[in-house]
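Participant: I am attaching a structure below and will ask some questions about it afterwards.
Numbering (our numbering), first residue to last: 1 to 591.
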């Protein structure tokens with residue numbers, strides 16, 4: 001389900017809840033442009049106002065009130081899923097000619113072709129309740145997208161009688177493919193599984209009849225985060241930006257623990273519950289979201305151009321893609337401009353893949369070093385170096401002197417699994433590196449270790465991890481099959497792990513490598529390894545430790561890993577081993 005666009009020819013407000021189409025609907029197959037000839041916002045130079053915004057007479061999202069004096073939001077074409085960047089020119093020409101030929105066909109023939117394609121083999125029964133008309137009273141339309149529209153509504157009876165809600169109406173006639181049907185089914189499943197978090201839009205129920213699917217959700221009357229950014233002229237103080245980001249990080253960390261990746265985080269998809277300045281922020285629109293296993297990677301290109309992560313364009317990504325999007329939001333909150341900008345989608349994609357965000361222009365020189373470090377660590381192009389949402393909540397800029405309640409980090413899960421599969425030699429290198437951890441990293445690991453509730457001897461086992469997951473589990477966690485993944489941690493079934501070994505198992509070498517102190521830390525770690533863990537080793541033994549097969553010329557590859565003077569692991573070999581160069585670890589599954 002892609003992003004929805006407001007119609008310039010109507011006065012209907014953009015729909016924060018509406019389902020989204022999967023591909024951009026441009027007049028030709030060239031990438032959608034961000035410029036439409038509308039005068040740019042005087043407050044927010046990088047946003048191009050939507051013509052539809054100037055035609056609205058009602059307040060955004062709440063279905064009433066006076067119109068705002070806020071500059072318009074950008075066109076929503078970029079809010080939808082998009083094609084891979086820079087398609088070949090001849091492919092674009094073929095697609096354009098095909099479209100022109102189709103449009104030249106008689107209308108009756110086109111309609112007959114579409115209807116035949118629509119009906120072949122598609123089961124549009126969802127198993128939702130069918131008593132929508134008797135339970136709900138629909139109000140006025142408050143938004144419209146390509147796949148449907150949203151109305152205000154009230155419950156006619158029951159515990160929520162007269163309670164005002166938002167109802168997303170999706171005509172079944174729009175569900176022309178099995179993928180679009182599955183998108184609707186998955187969105188309802190994710191909303192139902194995750195509903196209950198303070199910063200996630202509340203889901204009430206889903207209904208269907210012969211014509212439509214109805215998704216009943218909380219009505220947020222406070223408007224978009226984007227509206228508030230524009231109203232401030234893009235100027236957020238560090239404290240105000242932190243207040244917003246803490247709410248975003250909390251709900252995203254919760255989703256990631258459940259095995260759900262949102263894939264379309266942006267200011268337009270965060271709504272305030274009321275007009276109050278300190279009202280709660282809620283994430284909406286799970287139309288592009290998906291379940292993902294800890295050992296799985298996704299490969300479909302979806303999202304919104306300015307917020308899409310580099311690995312999404314490379315078609316191999318997981319939950320870290322959401323963290324990149326949060327980094328873009330943080331950059332905008334603090335400086336009022338986008339980190340990556342171009343006039344076309346393909347240009348934006350090139351900037352995301354190749355350019356680095358600027359921290360030299362005002363107001364960055366006047367912001368704290370911690371604020372800049374926070375944003376930089378969310379915008380690393382290598383997703384392995386990026387902080388997780390839970391780690392970001394423990395960053396000194398966010399936490400400060402306050403004690404943060406953070407959820408169990410799924411990264412810990414993956415790191416422990418990799419550690420248990422590692423050779424004894426690599427475990428020794430990780431143990432040496434863990435002794436060089438800085439204070440911030442130790443605080444994060446102590447918080448994660450405490451969540452696992454070690455026994456009176458200060459040890460954790462597989463039961464501790466199982467209990468921690470069960471405590472935080474929702475139906476989404478079962479759908480993403482995280483509990484099944486516990487079988488890969490059988491090494492902890494009968495052996496406890498103390499905090500020292502937990503640090504060695506949980507440390508992310510790639511994240512550590514991104515720190516300014518990396519060279520000093522790894523040199524110190526090698527000195528500790530020399531004193532406690534280094535020993536004479538031959539190339540064949542090292543190859544066995546790494547799981548390198550006999551068909552590989554190990555002497556050519558590994559000959560620099562061993563010191564010729566005494567046959568022990570060299571500094572180069574130590575660093576390589578830290579990164580886990582091993583064919584024993586299976587490749588992540590991609591779908």
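No residue lacks a Cβ here, since even glycine has one placed at the ideal position from N, Cα and C. A quick note: this is a predicted structure, and the numbers were derived from the prediction, not measured.
Determine whether the beta carbon atoms of residue 389 and residue 256 lie at a separation below 9 angstroms.
Facilitator: Result yes, Cβ atoms of residue 389 and residue 256 sit closer than 9 angstroms.
Participant: From 124, 190, 215, pick the residue whose C-alpha is nearest to that of residue 131; which is it?
Facilitator: Here the closest residue by C-alpha is 215.
Participant: Whole angstroms is fine: what's the gap from residue 199's alpha carbon to residue 239's?
Facilitator: Rounded to whole angstroms, residue 199 to residue 239 spans 19 angstroms at the Cα level.
Participant: Return the chain-ordered list of same chain residues with a C-beta closer than 6 angstroms to the C-beta of residue 479, the five sequence neighbours on each side being excluded.
Facilitator: Correct list, in chain order: 291.
Participant: Taking only the alpha-carbon atoms, compute the straight-line gap between residue 212 and residue 481 and give it to the nearest angstrom.
Facilitator: In a straight line, the C-alpha of residue 212 is about 31 angstroms away from that of residue 481.
Participant: Quick check on DSSP: helix, strand or coil for residue 478?
Facilitator: Residue 478 falls in the helix class under three-state DSSP.
Participant: Would you identify the three-state DSSP class for residue 352, choosing helix, strand or coil?
Facilitator: Helix at residue 352.
Participant: I need the DSSP call for residue 139, collapsed to helix, strand or coil.
Facilitator: Reduced to three states, the DSSP call for residue 139 is strand.
Participant: Can you check whether the CB of residue 508 is closer than 9 angstroms to the CB of residue 377?
Facilitator: No, Cβ-Cβ distance for residue 377 and residue 508 is not below 9 angstroms.
Participant: For residue 207, which residues of its own chain have a beta-carbon under 6 angstroms away from its beta-carbon, when the five flanking residues on both sides are left out?
Facilitator: Cβ neighbours of residue 207 beyond the five flanking positions: 128, 129, 132, 214.
Participant: What whole-angstrom Cβ distance do residue 165 and residue 219 have, given they're in contact under 8 angstroms?
Facilitator: At roughly 5 angstroms, the Cβ-Cβ gap stays under 8 angstroms, so residue 165 and residue 219 are in contact.
Participant: Just reading off the beta strand (DSSP E) that residue 212 is part of, what are its end residues?
Facilitator: Per DSSP, residue 212 belongs to the beta strand (DSSP E) from 212-218.
Participant: Skipping 5 residues on each side, what residues in its chain have a beta carbon closer than 8 angstroms to that of residue 125?
Facilitator: Closer than 8 angstroms at Cβ, skipping near neighbours: 208.
Participant: With DSSP as the reference, label residue 377 as helix, strand or coil.
Facilitator: Residue state, collapsed to three classes: helix.
Participant: Using CA coordinates, which residue listed in 153, 561, 122 is at the minimum distance from residue 577?
Facilitator: The shortest Cα separation from residue 577 among 153, 561, 122 belongs to 561.
Participant: I think residue 398 touches residue 246, with their Cβ atoms under 8 angstroms apart; what is that distance to the nearest whole Å?
Facilitator: So it is a contact: roughly 6 angstroms between Cβ atoms.
Participant: Who does residue 153 pair with in a DSSP beta bridge?
Facilitator: According to DSSP, which records beta bridges pairwise, residue 153 is partnered with 138, 165.
Participant: Whole angstroms are fine: how far does the CA of residue 422 sit from the CA of residue 188?
Facilitator: If I take the Cα positions, the gap works out to 40 angstroms.
Participant: Which of the three DSSP states is assigned to residue 309 in this structure?
Facilitator: If DSSP states are grouped into helix, strand and coil, residue 309 belongs with coil.
Participant: Is DSSP giving residue 572 helix, strand or coil here?
Facilitator: Helix.
Participant: Contact check, residue 323 vs residue 386 under 8 angstroms by CB: the rounded distance?
Facilitator: Confirmed, about 5 angstroms.
Participant: How would you label residue 536, buried or exposed, when you count the other beta carbons within 10 angstroms and need 16 or more for buried?
Facilitator: Exposed, since its Cβ has fewer than 16 Cβ neighbours within 10 Å.
Participant: Rounded C-beta distance between residue 662 and residue 438? I'm assuming under 8 angstroms.
Facilitator: With the chain covering only 1 through 591, there is no way to say anything about residue 662.
Participant: Give me the DSSP bridge partner(s) of residue 563.
Facilitator: Paired residues: none, contrary to the question.
Participant: Tell me, please, which residues DSSP counts as bridged to residue 543.
Facilitator: According to DSSP, which records beta bridges pairwise, residue 543 is partnered with nothing at all.
Participant: Considering only C-alpha positions, which residue in the set 528, 418, 392, 346 is nearest to residue 373?
Facilitator: For the residues 528, 418, 392, 346, the minimum Cα distance to residue 373 belongs to 392.
Participant: For residue 358, name the three-state secondary structure that DSSP assigns.
Facilitator: Correct three-state label for residue 358: coil.
Participant: Roughly how many whole angstroms lie between the Cα atoms of residue 248 and residue 341?
Facilitator: The straight-line gap from Cα to Cα measures roughly 23 angstroms.
Participant: Ignoring anything shorter than 4 residues, give me the alpha helix (DSSP H) runs that lie fully in the region 268-343, in order along the chain.
Facilitator: Entirely contained in the region 268-343, the alpha helix (DSSP H) runs reaching 4 residues are, in chain order, 310-313, 320-335.
Participant: Just to confirm my understanding: we take residue 412, look at its own chain, exclude 5 residues before and 5 after, and list those with CB closer than 6 angstroms. What are they?
Facilitator: Counting only Cβ-Cβ distances below 6 angstroms, and skipping sequence neighbours, we find 448, 506.
Participant: Do residue 407 and residue 457 have their C-beta atoms closer together than 9 angstroms?
Facilitator: No, the pair does not count as a contact, with Cβ atoms beyond the cut-off.
Participant: Please say whether residue 174 and residue 147 have beta carbons closer to each other than 9 angstroms?
Facilitator: Going by C-beta atoms, residue 147 is nearer than 9 angstroms to residue 174.
Participant: Which runs of the alpha helix (DSSP H) at least 4 residues long sit entirely within the region 174-262? Give them in chain order.
Facilitator: Taking only runs of at least 4 residues, the alpha helix (DSSP H) segments lying wholly in the region 174-262 are 178-194, 225-231, 238-257.
Participant: Using beta-carbon positions only, say whether residue 339 and residue 288 come within less than 9 angstroms of one another.
Facilitator: No, the Cβ-Cβ distance between residue 339 and residue 288 is not below 9 angstroms.
Participant: Please state whether DSSP places residue 465 in a helix, a strand or coil.
Facilitator: Correct three-state label for residue 465: helix.
Participant: Label residue 179 either buried or exposed according to how many other C-beta atoms from any shown protein chain fall within 10 Å of its C-beta, with 16 as the threshold for buried.
Facilitator: Classification for residue 179: exposed.
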